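Numbered according to this note's numbering, the sequence shown spans residues 1042 to 1563. Each residue gets a CB set at the ideal place from its N, CA and C atoms; glycine is no exception. All values reported here derive from a predicted model rather than from experimental measurement. Down below is the structure, laid out as structure tokens.
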Amino acid sequence: MFCFQCEQTAGGTGCSQAGVCGKSPAVALAQDETVVALIRLARAALRQGPVSKETGRLLIEGLFLTVTNVNFDEADIRRYNALYQEAGDALGAGAADDLSPQTLFHGDRDIVSLRSTLLFGLKGMAAYADHARVLGYEDPAIYQGCAAFLAALVEDHTVADWLGLLMDFGHLNLKTMGLLDQANTESYGRPTPTTVSTHIAPGPFIVVTGHDLLDLKMLLDQTEGTGVAVYTHGEMLPAHGYPELAKYDQLKGHFGTAWNNQQAEFDNIPGALLYTTNCLMPPRPSYKDALFTTGLVAWPDLPHIAADAEGHKDFSAVIAKAKALGGYDQGQEKTGANGGHTMTTGFARDAVLAHAGTVVEAVKAGDLRHIFLVGGCDGAKPGRSYYTDFVKATPADSLVLTLACGKFRFNDLDLGTLGGLPRLMDMGQCNDAYSAIQVAVALAEAFDCGVNDLPLTLVLSWYEQKAVCILLTLLALGIKNIYVGPSLPAFFSDTVLQTLVETFDLHPTGQAEEDLAAILGA
Ligand code: SF4
Ligand code: SF3
């Protein structure tokens, strides 16, 4: 096997014996075969004319299937692959469309790097498109673009053309994140600032993790009146900010921190666990029996809750498991990383922009020196204390916006307030980078300047492929001076990295205090 799609890749270069994530060589091969089956399907579909909704759905589903920490079940992946192969056959895929997984690594280092960057970005975007789809929001342009970029992966392009493709892709991902933003806010209401408790009450409970808010909504409908409480974990925290989810009394609070701590946090848990999307780690025996997967997530021999033809899911087995396990006898404190008992969320663009006037005036009066967006993935590798150190060191006359699971390093800290606003504001999940972009654009308009002229710096942490698509969107929008860490993608060749650094002033993160001083001194 060879895989270098995530930040924890072996030796910082590539997993070749087994995945650090727990992916076996057989699963890695099956997932590479998924990708070539999807390219085959995309090529056949493009020859027929506009890409149909049915084909588009298969493309995003298959790509999402191969995102890090989603599916570890070879037999399950092969079942999906057979569907993609059949769909390609039905559209007239020919011998020339049959590709070996090796095709993905064909060419010199720079070409493999550029191809991989596009492929991994596509995987991330597919996750967002799929979340929008389950809520009934689809856009033919996203499906068409997805097919075209998949086909382009195995075509010859100059380096300049590859870079152009990456920028075009960044715009398509912006459209996709915009669609998901619309789907979430129209389905669940506009997020409002909310304080979430980390107290776990006695009695039966279910912990829901991943990103799929519809799964959470269906679970909340089904747990009403059962006496079973529901707690969010990881990227589900922002659910508490949505009025249509927060309205359920049994949605009680948040359990633990980010995905990379799950093996410790779920040890001997007396509640049921529901994984709706990434990030699944190899389950430990002490909680394996409590674990259920749904959607594209799978682990061999663990119970999976599938949707019926109408998209409905029956979570009665999860609820029964929670009742059987019974919960804690006494209340527990599952505090944040710094011992805090609450976390806040729900500062999406409307909530922040409601105070745009205050922010603009504070900047003009010299009371607000800088705005930082410290966001992205968490991960297990050392070096991520950078983000805690950075946030702790930000001056009292600055604001810190955050999003995605990397925030669990610091989101239980009390940074105080500035001009009536909390200094730390959680905008939501990783896809809510869309909200952050809207805030930046609105502030630039208010100041009548470009986004790069704002007193705003993005400090990003990456782990999996959704971070790749977000970075490409930010670059496509011309946003410069972004700090990225804790290490750089192994799939960036020296030339690609140099090009990004020169074109976009991209900075690898260094020491928190030094980077902060450089930003504030600039
Ligand atoms: Fe390795 Fe990451 Fe690939 Fe897993 S997803 S095999 S950890 S590079
Ligand atoms: Fe996190 Fe997996 Fe990336 Fe959605 S849950 S940000 S790592």
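Length of the line joining the Cα atoms of residue i and residue j
i            : j            : result
residue 1529 : residue 1332 : 33 angstroms
residue 1115 : residue 1330 : 20 angstroms
residue 1203 : residue 1061 : 29 angstroms
residue 1155 : residue 1207 : 8 angstroms
residue 1302 : residue 1265 : 29 angstroms
residue 1534 : residue 1237 : 42 angstroms
residue 1352 : residue 1338 : 16 angstroms
residue 1100 : residue 1494 : 38 angstroms
residue 1160 : residue 1194 : 7 angstroms
residue 1421 : residue 1554 : 22 angstroms
residue 1376 : residue 1135 : 56 angstroms
residue 1320 : residue 1503 : 13 angstroms
residue 1179 : residue 1224 : 9 angstroms
residue 1210 : residue 1199 : 16 angstroms
residue 1463 : residue 1473 : 19 angstroms
residue 1564 : residue 1483 : There is no way to answer for residue 1564, as the model of the chain reaches only from 1042 to 1563.
residue 1125 : residue 1392 : 42 angstroms
residue 1522 : residue 1496 : 12 angstroms
residue 1192 : residue 1096 : 14 angstroms
residue 1361 : residue 1355 : 12 angstroms
residue 1049 : residue 1512 : 18 angstroms
residue 1433 : residue 1084 : 50 angstroms
residue 1227 : residue 1261 : 18 angstroms
residue 1409 : residue 1400 : 7 angstroms
residue 1451 : residue 1498 : 18 angstroms
residue 1574 : residue 1104 : This structure cannot settle anything about residue 1574, because the visible part of the chain is limited to 1042 through 1563.
residue 1460 : residue 1561 : 20 angstroms
Beta-ladder partner(s) of residue i, from DSSP
i            : result
residue 1247 : 1271 and 1313
residue 1439 : 1411
residue 1056 : 1044
residue 1333 : 1315
residue 1555 : DSSP output for residue 1555 lists no bridge partner at all.
residue 1374 : 1240
residue 1500 : 1415 and 1524
residue 1354 : 1348
residue 1075 : BP columns for residue 1075 are empty, so no partner.
Residue i: CB within 7 angstroms of a non-hydrogen atom of the ligand SF3
i            : result
residue 1122 : no
residue 1276 : yes
residue 1187 : no
residue 1475 : no
residue 1446 : yes
residue 1295 : no
residue 1490 : no
residue 1203 : no
residue 1418 : yes
Nearest to residue i (by Cα), restricted to the options the options
i            : options                   : result
residue 1230 : 1436, 1284 and 1190       : 1284
residue 1121 : 1387, 1136, 1102 and 1095 : 1102
residue 1383 : 1533, 1453, 1417 and 1351 : 1453
residue 1201 : 1557, 1053 and 1540       : 1540
residue 1127 : 1150, 1079 and 1090       : 1079
residue 1188 : 1176, 1093, 1109 and 1248 : 1093
residue 1065 : 1408, 1110 and 1318       : 1110
residue 1470 : 1129, 1132, 1252 and 1083 : 1252
residue 1491 : 1058, 1518 and 1512       : 1518
residue 1404 : 1153, 1456, 1055 and 1488 : 1488
residue 1465 : 1509, 1235, 1427 and 1149 : 1235
residue 1395 : 1246, 1232 and 1286       : 1232
residue 1152 : 1538, 1562, 1458 and 1543 : 1538
residue 1322 : 1286, 1358, 1275 and 1279 : 1275
residue 1558 : 1436, 1456, 1536 and 1527 : 1436
Residue i Cβ short of 7 angstroms to the ligand SF4 heavy atom set
i            : result
residue 1167 : no
residue 1422 : no
residue 1354 : no
residue 1069 : yes
residue 1210 : no
residue 1250 : no
residue 1060 : yes
residue 1046 : yes
residue 1304 : no
residue 1521 : no
Heavy atom of the ligand COA within 7 angstroms of residue i beta-carbon
i            : result
residue 1180 : Ligands in the displayed structure: the ligand SF4 and the ligand SF3; the ligand COA is not one of them.
Segment contact flag, the region 1215-1226 with the region 1153-1171, C-beta cutoff 8 angstroms, min 3 pairs: yes
The region 1296-1313 in contact with the region 1264-1275 per 3-pair CB rule at 8 angstroms: yes
Meets three-Cβ-pair contact criterion under 8 angstroms: the region 1231-1243 and the region 1540-1547: no
Any 3 or more C-beta pairs closer than 8 angstroms across the region 1142-1153 and the region 1360-1367: no
Contact between the region 1274-1291 and the region 1339-1351 (3+ Cβ pairs under 8 angstroms): no
Validate contact between the region 1438-1452 and the region 1466-1478 using beta carbons, cut 8 angstroms, 3 pairs: yes
Segment contact flag, the region 1379-1395 with the region 1249-1256, C-beta cutoff 8 angstroms, min 3 pairs: no
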